[in-house]
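Taking it in order: structure first as structure tokens, then the write-up.
Have a look at this one:
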């Protein structure tokens, strides 16, 4: 039995899935309010409801999607970070400064991994001391070409972890190294990724420990816990402690995986997840979700965090209705629950209750509140309700085609491959989330496309979370002239012969990926691993070839372990 929990902006959804038979069956599900001041309490409440209906001894795994890291960044509740950078010539590292305690060191390593200038350790110690004076306890170390040679980053890490306070206790709790964030050669993105990884590290680890303790207290120590990542995969809880930045924007990924689990998507399609606070919009090309090829941008800082391509707008069931002049608007703010659920502000859900599209909570409270609001603005209640619903549907339609136009202006990358010269023309719309059925007709009127609301649409996110497979990726670099093979994200380095080939690199990449996942307790089926890029360049000196520069990138493909129909 698999559990899936998705902590959303308004509600926390949970499901228990029985995978013992030919198909996948929902044995229990629930939806509770999300307590943003204590996300763990929402998870515990949802688990308590689910466990009333199932034998917890049968539970094998819990996959969890959480807004914790995202909320911390959006609300400015992150921790101060000491960021030490070894950049070298050719780029101004101050252009990418994400925080106050940012120090540029004079060492440099070239693109082949050769140390051009040694790291001045006296300056490293001074930079760390300066950060410590400001109370910093978490550090990030980033070198421009650390994916070729992480020497400077490891020296910074070692120096930081040797720091003691006045009582002789460790003064530094965590150091994130840039080369462990991914193998791509993109210094600005590496800086941003390492910074955010540190900024949410303590908060995330406290949450992870609390989740584990809660399961232990419930008698579920045997349950494996995975956290959702933004790329549409999961990572084991213990592995996620070192790379919490990967949990950012995992909610939209649960939406996409939910549709994959519930529906057989084969065409260019639009996926709409209408929640309480936002609507998440995703686009599929030829049945496959699209990805942010280089990584997401957080605020103004680009990162290496791989993510499914999703756009969010402030339209949801709890979005407040307002009248400005003669214009009726919905959102972008959520000012509490709907009137029908005990709130004080009229919302989109209240308007849908009035029109008869749904019957949620106290429908009469929705009607009375809407009538009073309409009278206060010299409108008929019928017009107010219908105009509000039309406004929401129009806003979602407009935002969808803005996303489609933006996608069509660039190369299209799916979770599987690059689609050459592909132009997306949506042929179908899939809707999920609490208000999905109530909004179906209005959205059909806007899109004029086949519109599908799958079964169990209200908890589709949790279903997607429960069925998502563990994903991982790595990049391998080999330099046969220097006789070195290096996998940055695993900090794995070994000697290779001059005869080492691109095929050897591909085999080593897959083998190291499988071995790493095995250490994490994840079995990798050969068909789930793929080489996403592979290249070999001859290196010439004078008129002679002196070696090969080999680069291989491989991954476990994002997807679900089962579908609801399998």
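In the working numbering, the protein residues as written are 2 to 567.
Every residue, glycine too, gets a C-beta built ideally from N, C-alpha and C.
Tell me the DSSP secondary structure of residue 256 in three-state form.
Along the chain shown, read from residue 1 onward, the residue named residue 256 stands at position 255. Reduced to three states, the DSSP call for residue 256 is helix.
Name the one or two DSSP bridge partners that residue 128 has.
Working through the chain shown from its first residue, we reach residue 128 at position 127. Per DSSP, none; premise fails for residue 128.
Could you give the distance in angstroms between the alpha-carbon of residue 513 and the alpha-carbon of residue 151?
Position 512 of the chain shown, counted from the start, is the residue given in the question as residue 513. Position 150 of the chain shown, counted from the start, is the residue given in the question as residue 151. Going by the C-alpha atoms only, they are around 19 angstroms apart.
What are the residues that DSSP puts in a beta bridge with residue 556?
The sequence position of residue 556 within the chain shown is 555, counting from 1. Paired residue(s): 474, 531.
Near residue 363, which residues of its chain fall below 6 angstroms by C-beta distance, leaving aside the five closest residues on each side in sequence?
Here residue 363 corresponds to residue number 362 of the chain shown, with the count starting at 1. The beta carbon of residue 363 sits closer than 6 angstroms to the beta carbons of 341 from its chain, once the five residues preceding and following it are set aside; these are given in chain order.
Mapping the DSSP letters down to three states, classify residue 116 as helix, strand or coil.
Walking along the chain shown from the start, residue 116 turns up at place 115. Three-state result, residue 116: strand.
Tell me which same chain residues have a C-beta within less than 7 angstroms of the C-beta of residue 467, skipping the five on either side of it?
Here residue 467 refers to the residue found at position 466 of the chain shown. The residues are 3, 4, 5, 16, 18, 64.
Check the C-beta distance from residue 316 over to residue 280 and give it rounded, since I have them as a contact under 8 angstroms.
Looking up residue 316 in the chain shown gives position 315. Looking up residue 280 in the chain shown gives position 279. At roughly 5 angstroms, the Cβ-Cβ gap stays under 8 angstroms, so residue 316 and residue 280 are in contact.
Take the Cβ of residue 544 as the centre, count every other Cβ of all protein chains shown within 10 Å, and call the residue buried at 16 or more, exposed below.
Residue 544 sits at position 543 when you count from the first residue of the chain shown. If you draw a 10 Å sphere on the C-beta of residue 544, you find fewer than 16 other C-beta atoms in it, and that means exposed.
Would you call the region 126 to 146 and the region 88 to 103 in contact, with 3 or more CB pairs under 8 angstroms?
Yes: at least three Cβ pairs fall under 8 angstroms.
Quick check on the burial criterion: 16 or more other C-beta atoms within 10 angstroms. Buried or exposed for residue 198?
Counted from its first residue, the chain shown places residue 198 at position 197. Counting Cβ neighbours within 10 Å, residue 198 comes out buried, since at least 16 surround it.
Find the nearest neighbour of residue 337 within the set 351, 327, 328, 31, judged by alpha-carbon distance.
Taking the first residue of the chain shown as 1, we reach residue 337 at position 336. With distances taken between Cα atoms, residue 337 lies closest to 351.
Taking Cβ to Cβ, would you say residue 491 is nearer than 9 angstroms to residue 554?
In the chain shown, residue 491 corresponds to position 490, counting from 1. In the chain shown, residue 554 corresponds to position 553, counting from 1. Cβ distance not < 9 angstroms, so residue 491 and residue 554 don't count as in contact.
Local Cβ density within 10 Å of residue 501, reported as buried at 16 or more and exposed below that
For the purposes of this step, residue 501 is taken as the residue at position 500 of the chain shown. With 16 or more Cβ atoms within 10 Å of its Cβ, residue 501 is classed as buried.
Under a Cβ-count criterion, where at least 16 other Cβ atoms within 10 Å of its own Cβ denotes burial, should residue 250 be classed as buried or exposed?
Walking along the chain shown from the start, residue 250 turns up at place 249. With 16 or more other Cβ atoms within 10 Å, it is buried.
Of the residues 149, 389, 172, the one placed nearest residue 159, counting alpha carbons only
As a first step, residue 159 is located in the chain shown; it is residue number 158 there, counting from the start. Just measuring C-alpha positions, the residue of 149, 389, 172 sitting nearest residue 159 is 172.
Quick one: what does DSSP say residue 293 is sitting in, helix, strand or coil?
As a working note, residue 293 is residue 292 in the chain shown. Strand at residue 293.
Count the CB pairs spanning the region 240 to 260 and the region 190 to 204 that are closer than 8 angstroms, and state whether there are at least three.
Contact holds: three or more Cβ-Cβ distances are below 8 angstroms.
Is there contact between the region 176 to 184 and the region 50 to 58, where contact requires at least three CB pairs shorter than 8 angstroms?
Contact fails: fewer than three Cβ-Cβ distances are below 8 angstroms.
Own chain residues within Cβ distance below 7 angstroms of residue 392, not counting five before or after
Position 391 of the chain shown holds residue 392. Closer than 7 angstroms at the Cβ level, and outside the excluded window around residue 392, lie 329, 330, 331.
Per DSSP, what are the beta-bridge partners of residue 469 in this structure?
As a working mapping, residue 469 is identified with position 468 in the chain shown. Here residue 469 is bridged, per DSSP, to 561.
Check residue 333 in the structure and name its three-state DSSP category.
As a first step, residue 333 is located in the chain shown; it is residue number 332 there, counting from the start. In the three-state reduction of the DSSP assignment, residue 333 falls in the strand class, which pools E and B.
Going by the CB atoms, is the gap between residue 424 and residue 450 shorter than 9 angstroms?
Numbered from its first residue, the chain shown carries residue 450 at position 449. Numbered from its first residue, the chain shown carries residue 424 at position 423. Not in contact: residue 450 and residue 424 (Cβ atoms no closer than 9 angstroms).
Which class does residue 374 belong to by DSSP, given the choice of helix, strand or coil?
In the chain shown, counting from the first residue as 1, residue 374 sits at position 373. If DSSP states are grouped into helix, strand and coil, residue 374 belongs with the helices.
Beta-carbon proximity list for residue 132, same chain, < 6 angstroms, skipping 5 on both sides
In the chain shown, counting from the first residue as 1, residue 132 sits at position 131. Within the same chain, and ignoring the five residues on either side of residue 132 in sequence, the residues whose Cβ sits closer than 6 angstroms to its Cβ are 83, 102.
Going by CA-CA distance only, name the one from 344, 382, 400, 481 that's closest to residue 314.
Here residue 314 is taken as the residue at index 313 of the chain shown, counted from 1. It is 400 whose Cα lies nearest to the Cα of residue 314.
Residue 496 lies in the beta strand (DSSP E); which residues open and close that run?
In the chain shown, the residue the question calls residue 496 occupies position 495. Annotation for residue 496: the continuous beta strand (DSSP E) segment containing it runs 493 to 496.
What is the residue span of the alpha helix (DSSP H) that residue 5 lies within?
Residue numbering aside, residue 5 sits at position 4 when the chain shown is read from its first letter. Taken as a continuous stretch (DSSP letters only), residue 5 belongs to no alpha helix (DSSP H), being part of the beta strand (DSSP E) at 3 to 8.
Measure the Cβ-Cβ separation of residue 518 and residue 557 and say whether it is below 9 angstroms.
Sequence index remark: in the chain shown, residue 518 carries index 517 (1-based). Sequence index remark: in the chain shown, residue 557 carries index 556 (1-based). Yes.
Burial state of residue 228, where buried means 16 or more other Cβ atoms lie within 10 Å:
Numbered from its first residue, the chain shown carries residue 228 at position 227. Buried.
Tell me the rounded alpha-carbon separation between residue 641 and residue 503.
With the chain covering only 2 through 567, there is no way to say anything about residue 641.
Have a look at residue 163 and residue 224 and give me their C-alpha separation to the nearest angstrom.
The residue given as residue 163 occupies position 162 in the chain shown. The residue given as residue 224 occupies position 223 in the chain shown. A direct Cα-Cα distance of roughly 36 angstroms separates residue 163 from residue 224.
Straight-line gap, residue 440 to residue 112 (C-alpha atoms, nearest Å)
Taking the chain shown and counting its residues from 1, the one referred to as residue 440 is at position 439. Taking the chain shown and counting its residues from 1, the one referred to as residue 112 is at position 111. So the two alpha carbons sit approximately 54 angstroms from each other.
Expressed to the nearest angstrom, what Euclidean distance is found between the alpha-carbon atoms of residue 404 and residue 448?
Here residue 404 refers to the residue found at position 403 when the chain shown is read from its first residue. Here residue 448 refers to the residue found at position 447 when the chain shown is read from its first residue. So the alpha carbons of these two residues sit roughly 14 angstroms apart.
Starting from residue 156, trace the beta strand (DSSP E) both ways and give me its first and last residue.
Residue numbering aside, residue 156 sits at position 155 when the chain shown is read from its first letter. Residue 156 -> not in any beta strand (DSSP E); alpha helix (DSSP H) instead, spanning 152 to 162.
Identity of the residue in 366, 496, 458 nearest residue 262 by Cα:
In the chain shown, the residue the question calls residue 262 occupies position 261. The shortest Cα separation from residue 262 among 366, 496, 458 belongs to 458.
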